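The structure under discussion appears below in the form of C-alpha cells.
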Amino acid sequence: MITRREFLEGSLATLMLLSLNRLSFSMDTEEVFPQGVASADPTHTGAILWTRINPKVHERMKKDLILQISEDMDFKRLVFSGRLPWDRISSKDDHTVRIDLEGKLQPGRTYYYRFVYADVPSMIGRLKTLPEEAQDISIAFATCQNYADGYFTAYRHMAQEDLQLVVHLGDFIYEKIYGPPRVAGRLLELPSGSNIVQNLEDYRYLYRTYLSDPDIRLARAMHTFVHTWDDHEFLNDYYYNYQREYWIGDYPIREREKLLQLRLDSIKAWLEYIPARVKTNFQNRDPLLWITIYRDFKIGSLAHLIMTDGRSYRDKQPCRGKYGAPGCAEQYRTTMLGQDQLRWFLKKLKEDKFVWKVWGNDVQFSQSLVDGKFGSLDAWDGYAGERQKILDFLKREGMKNLLISTGDRHATFIAEIPDSYQEPKEVLGAEFMTPAISSVNSKEMGWWKRNWPNYTSIEEVERAEMLQNPWIKHLNMKNWGYSVLNLNRDRARVIVYTVNKYRKDAPKEVDAEFVYTYGRLEKYG
C-alpha cells in the first residue's frame, strides 16, 4: 500500500522528471546548454550553481546569462534573479559558469533554478540547502563511470530518489582510452589523437563528452552534489614523490615539468566542470598547496560529512606490487592523507557531537587479505600504519559512529570496522563501498585469475575473501550501480542497487541492504 507521504514524494519526483525530460531534450535547450546544469557543495544558506554555454552559440549571440531561483517549479515565487555579463563567459574557462550563492538562501529548503541565455531556458535544476537540524536524511553515493565501458543508466534511477545530496567518490572521468567501447555510441577520440591525455584540451573533451550523457545530466540537475576525486581525474594510481616534489602515475612520460603541467591541466579542467568550494593557490612554489579539496559539511546534529583527498598527498604504493601482492614492513611507514590532512581529519572526527560521522573516502579502508596476498596495496592496505592511527584514535575517543563510504574497487563491499585487523576486539564503525556506475568490474577485468589462479570462479574468490576477512559481511564483484545511505538518530541503513550498464532501460535491483547501530552491523529485515 502506498502511503500519502510516498504518493506526494513520488508525484513530485515524477513531475520533476517529466519537466526535466521535456526541457533537456528540447533542441534549442540542448544546443545552448549541451552539458546541462548542476548544483554542488551546499551550505545552510547557499550552494554553487553551474552550467556551460555552447561556445559557438556564445560567439554568435554574445548575450548575458540570466539566473533565476524560485520556490516553485513554475518560477512564480522568485527568490533570486541575476545576470552575468556576456564578456564574463569565455574560452578561458571553456565557457563554464560557476555561481556561489552563499548567504542568499534559507536553511533546509528546496529551490528550483534555471539559466536563460538568448531567451532559451536551460533544463530546470533542483537544489537543497543543508538543514539547521534534521531527524532523517538520505545520501546517495556514486563512483567510477568510464564513459566507454557502459551506459550511465544508474543515474536515471538515482535522479528519482528522495535525497539530501549525492556524494561522488571519484573517477568521474578516465584519462585513458583503454580500447573500443563496450556499448554502442560511446566512442572516445581525444583531440590530441593519443589514447591517453596530453593536455588541458584532452581533459576538457572528456568532461564535455561524459556530461553529454542525458542520465548524468538528469541526476546533476535533480540533486545537489559533493565531489572528491580519485586517480583517473589525473593519472591512474598516481602518488606524490616528496623528494622531487611532483606526482607520478601510469604515464609514458616521467619528466617532472611535463607531469606538473599535466597536473595543472587536470586541476583546471576539474574546477571548470566540477562545482566545488575549494581552496586554490597556483602561485605557490609548493605543488601540494596548489589546491586543497578536503572539506566538510554539517547536516544539523545528525550527520557530519567529511570529504578527504586520498590521492594528492600519498606516498608511493609499497612492497613493490600494487595488486595481489604480499605485504611488507613498508606498509606501516607510508602516508595516504599526508600529515596536515590527517591532523585536520582527526580534528574533524572529534569536532562537536554528531549522531553520525560520514567519511567520503575514495578507496577501500578495510583489510582484504586472501591466501597471503592483499587485493590492492593502492588502497588502505598499502597504508596500514596510518589506518591503524585512525583506528586507535576512534577507540581512544570512544567513537563507534563512523560510516566510511568508499568506491574505486568497482564492487559492492560492506564490512565492520574493527579496532584492529590483527586482533579485532570491538566494532568501531562500518564501511560500505558503492559499485561502479559503468566501469569494468572484477569479473570483466579477470584480474582474479592472475592474482589467485587456484580459484576457478570469481564467486570462489568472493567466498574466500569473506571467509579469511571475517569483518566483511557482503561482497559482490560482478555488478554496477549506486548506493543510498539513510540516517536517523537510531540507525544507519544502506541499500546498494544493481543497475545493468549494458541496458539503457535497465531496472534497479537491490543487491544488499544492511543496518548499522553503534557497534553492530547486520542485514536489514
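The letter at position 362 of the sequence shown is residue 362 when you use the UniProt record's numbering, and the numbering goes up by one with no holes. Glycine included, every Cβ here is placed at the ideal spot set by N, Cα and C. All values derive from a computational prediction rather than experimental measurement.
(request) Over the uninterrupted beta strand (DSSP E) stretch that includes residue 68, give me the two end residues. (result) 65 to 70
(message) Taking contact to mean 3 or more Cβ pairs, one atom from each stretch, closer than 8 Å, check whether the stretch 323 to 337 and the stretch 363 to 374 are in contact.
(response) yes
(request) Quick one: which unbroken beta strand (DSSP E) runs of 3-plus residues sit fully inside the stretch 72 to 147? Chain order, please. (result) 78 to 84, 96 to 100, 110 to 117, 125 to 128, 136 to 142
(message) By the three-class DSSP mapping on this structure, what secondary structure does residue 24 have?
(response) Confidence in residue 24 is poor, its pLDDT being 40 and thus under 50, which makes the residue's placement unreliable; the coordinate value appears in the next sentence. Three-state result, residue 24: helix.
(request) Please state whether DSSP places residue 516 in a helix, a strand or coil. (result) strand
(request) Determine the burial state of residue 446: buried for a count of at least 16 other Cβ atoms within 10 Å of its Cβ, exposed for fewer. (result) exposed
(message) I need the straight-line Cα distance from residue 324 to residue 54, nearest angstrom please.
(response) 46 Å
(request) Please list, in chain order, all residues of the same chain as residue 510 whose beta carbon is under 7 Å from its beta carbon, the five residues on each side excluded. (result) 495, 497
(message) If the criterion is Cβ atoms closer than 8 Å, does the pair residue 412 and residue 492 meet it?
(response) no
(message) Only counting the same chain, and skipping five residues up and downstream in sequence, which positions put a Cβ closer than 8 Å to that of residue 24?
(response) Residue confidence for residue 24 is low, a pLDDT of 40 falling below 50, so the modelled location carries little weight and cannot support an answer.
(request) Under 7 Å Cβ to Cβ from residue 268, same chain only, skipping five residues before and after it: list those, please. (result) 200
(message) Closest to residue 273 by C-alpha separation, out of 226, 281, 295, would be which residue?
(response) 226
(request) Kindly identify the DSSP beta-bridge partner or partners of residue 196. (result) 176
(message) Taking 7 Å as the limit between beta carbons, can you name the residues of its chain near residue 235, skipping five residues before and five after?
(response) 175, 249, 250, 251
(message) Using a Cβ distance threshold of 8 Å, determine whether the stretch 122 to 138 contacts the stretch 31 to 51, with at least three qualifying pairs required.
(response) yes
(request) Sort 288, 308, 160, 422 by Cα distance to residue 297 and report the nearest one. (result) 308
(request) Just tell me which of 304, 516, 295 has its CA closest to the CA of residue 279. (result) 295
(request) Leaving out five residues on either side along the sequence, give the residues of the same chain with a beta carbon under 6 Å from the beta carbon of residue 508. (result) 157, 497, 499
(message) Tell me the rounded alpha-carbon separation between residue 208 and residue 393.
(response) 42 Å
(request) Could you work out which residue in 150, 74, 172 is closest to residue 125 when comparing CA atoms only? (result) 74
(request) Identify whether residue 522 lies in helix, strand or coil by the three-state DSSP scheme. (result) strand
(message) Under 7 Å: does the beta carbon of residue 406 sit that close to some heavy atom of the ligand NAD?
(response) Because no ligand of any kind appears in the structure shown, any question about the ligand NAD cannot be addressed here.
(request) Could you tell me the boundaries of the alpha helix (DSSP H) in which residue 393 lies? (result) 384 to 397
(message) Let me make sure I understand the geometry here. Which of 465, 474, 433, 94 has the alpha-carbon closest to that of residue 140?
(response) 433
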